[in-house]
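Chemist: Structure provided below as structure tokens; questions to follow.
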Amino acid sequence: MHVSIIIPAFNEERLIGQCLQSVADAMAANQSYGYSHEVIVVDNNSTDDTARLAKQAGARVVFEPVNQIARARAAGAAAAAGDWFIFLDADCLLNAGLVGEIFSLIEQGKHVGAGSTLHMPNLPWWMVVLLRIWTALSVKFSWAAGALIACDAAVFREVGGFNQALYAAEEVDLSQKLKKWGRARKLGFTILTDHPLETSSRKVQLYSSWEIAGQFLRLILHPFRTLQSKERLSMWYDGRR
Numbered sequence: 001m002h003v004s005i006i007i008p009a010f011n012e013e014r015l016i017g018q019c020l021q022s023v024a025d026a027m028a029a030n031q032s033y034g035y036s037h038e039v040i041v042v043d044n045n046s047t048d049d050t051a052r053l054a055k056q057a058g059a060r061v062v063f064e065p066v067n068q069i070a071r072a073r074a075a076g077a078a079a080a081a082g083d084w085f086i087f088l089d090a091d092c093l094l095n096a097g098l099v100g101e102i103f104s105l106i107e108q109g110k111h112v113g114a115g116s117t118l119h120m121p122n123l124p125w126w127m128v129v130l131l132r133i134w135t136a137l138s139v140k141f142s143w144a145a146g147a148l149i150a151c152d153a154a155v156f157r158e159v160g161g162f163n164q165a166l167y168a169a170e171e172v173d174l175s176q177k178l179k180k181w182g183r184a185r186k187l188g189f190t191i192l193t194d195h196p197l198e199t200s201s202r203k204v205q206l207y208s209s210w211e212i213a214g215q216f217l218r219l220i221l222h223p224f225r226t227l228q229s230k231e232r233l234s235m236w237y238d239g240r241r
């Protein structure tokens, strides 16, 4: 089994090093499975040292000039040779327990993919509430958070990969496609809960509560129009880091 860890990255020079170190540590802790792996960082038109630092850390770097998360992930998948893909955000820290859960799931042969619950440190109370609501919905409906999604590479290609008409929530769309494909073949798509993925809470520091509320309001009132417009998704695309 060969696994490709694919990390989209736009101006992530502050966090890419620790992300890649966490991947190396988590994979080393699960050597007993005997899986080989590759790490691909997709430089999504960064203007900082993201690409250089990723190469320095031993990752293979792929360039995607169009600044869009779905395109960056797709570019990484197109360059990947793995039997399974693990898409990981650059502001996350992978842990050995979660990798072990993913590898165990692969070994069982009963799933086409999985997501993970999330841990975000230092959140204000209202974000704790929102995260709990998201976690409940994610587990109930098998919606993967974009921070991490693992899937069978052949199935990923068969269902068409990420929807590049979307500038956000493409991971939820992919989750639904994988789940539908698996259901027809008595295979599952699940959300792993025992070892939550640590992801940064930087949006809470970078954006005011009013900005965050406004973004969610746009998503609620005009979901399709918002998800298909980079300009309406400032929290993802205005470049704040």
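Quick note on the UniProt record's numbering: the sequence shown kicks off at 1 and runs consecutively.
Ideal placement from N, C-alpha and C gives every residue a C-beta, glycine not left out.
A quick note: this is a predicted structure, and the numbers were derived from the prediction, not measured.
What is the DSSP secondary structure of P223, reduced to helix, strand or coil?
Modeler: Here P223 sits in helix by DSSP.
Chemist: In angstroms, rounded to a whole number, what distance separates the CA positions of P196 and L118?
Modeler: Roughly 5 angstroms separates the two Cα atoms.
Chemist: Here's a check: name, in chain order, each residue in its chain whose Cβ is nearer than 6 angstroms to the Cβ of E64, leaving out the five neighbours to either side.
Modeler: Excluding residues within five positions, the ones whose Cβ falls inside 6 angstroms are V42, N44, R71, A72 and A75.
Chemist: Report yes if the C-beta distance between S175 and W143 is below 7 angstroms; otherwise report no.
Modeler: Yes, these two residues count as a Cβ contact at 7 angstroms.
Chemist: Using a Cβ-Cβ cut-off of 7 angstroms (strictly less than) and excluding sequence neighbours within five positions of G188, which residues of its own chain qualify?
Modeler: Result list for G188: K110, H111 and G182, in chain order.
Chemist: Whose CA, out of R132, L15, A153 and G115, lies closest to the CA of L93?
Modeler: When only C-alpha atoms are compared, the closest one is L15.
Chemist: When you compare only the Cα positions, how much space is there between L20 and A150?
Modeler: Near 17 angstroms, if we compare the C-alpha coordinates of A150 and L20.
Chemist: Suppose you measure from the CA of T50 to the CA of H222; what does that come to, to the nearest Å?
Modeler: Between T50 and H222, the C-alpha separation is close to 34 angstroms.
Chemist: Can you give the beta carbon distance from A77 to E12, rounded, assuming they're within the 8 angstroms contact cut?
Modeler: Their Cβ separation, rounded to whole angstroms, is 19 angstroms, which puts A77 and E12 out of contact at 8 angstroms.
Chemist: Over what stretch of residues does the alpha helix (DSSP H) that includes G17 continue unbroken?
Modeler: That run of the alpha helix (DSSP H) goes I16 to A28.
Chemist: So, at 7 angstroms on beta carbons, what are the nonlocal neighbours of D173 in its own chain, with the 5 sequence-adjacent residues on each side left out?
Modeler: Cβ neighbours of D173 beyond the five flanking positions: N163 and L166.
Chemist: Can you tell me the Cβ-Cβ gap for A114 and T190, rounded? I've got them flagged as a contact below 8 angstroms.
Modeler: With a Cβ gap of about 5 angstroms, A114 and T190 count as contacting.
Chemist: What first and last residue would you give for the beta strand (DSSP E) that runs through G188?
Modeler: G188 to T199 is the span of the beta strand (DSSP E), which, as asked, contains G188.
Chemist: Can you have a look at L217 and say buried or exposed, based on whether 16 or more other CB atoms are within 10 angstroms of its CB?
Modeler: When all chains shown are included, L217 counts as exposed.
Chemist: Give me the DSSP bridge partner(s) of L118.
Modeler: Beta-bridge pairing links L118 to L197.
Chemist: V3 and Y35 - do their beta-carbons sit closer together than 7 angstroms?
Modeler: Taking 7 angstroms as the Cβ cut-off, Y35 and V3 qualify as a contacting pair.
Chemist: With the cut-off set at 7 angstroms, would you say A26 and V39 are in Cβ contact?
Modeler: Contact flag unset, no.
Chemist: To the nearest angstrom, report how far apart A154 and M1 are at their CA atoms.
Modeler: A154 and M1: Cα-Cα distance of roughly 13 angstroms.
Chemist: Identify the continuous beta strand (DSSP E) that holds A9 and give its terminal residues.
Modeler: Taken as a continuous stretch (DSSP letters only), the beta strand (DSSP E) holding A9 covers H2 to A9.
Chemist: Let me know if A29 comes out buried or exposed under the rule of 16 or more other beta-carbons within 10 Å of its beta-carbon.
Modeler: Looking at its Cβ environment, which holds fewer than 16 other Cβ atoms inside 10 Å, A29 is exposed.
Chemist: Which two residues bound the contiguous beta strand (DSSP E) that contains V61?
Modeler: Note, V61: beta strand (DSSP E), R60 to F63.
Chemist: Would you check if the distance between the CB atom of A168 and the CB atom of L88 is smaller than 7 angstroms?
Modeler: Cβ distance not < 7 angstroms, so A168 and L88 don't count as in contact.
Chemist: On a CA-only basis, which of G161, L105, S22 and S200 is nearest A54? Give me that one, please.
Modeler: For A54, the nearest C-alpha among the options comes from S22.
Chemist: Can you have a look at V159 and say buried or exposed, based on whether 16 or more other CB atoms are within 10 angstroms of its CB?
Modeler: Its Cβ being crowded by 16 or more others within 10 Å, V159 is buried.
Chemist: If you run the structure through DSSP and keep just helix, strand and coil, what is F103?
Modeler: In this structure, F103 counts as helix in the three-state DSSP scheme.
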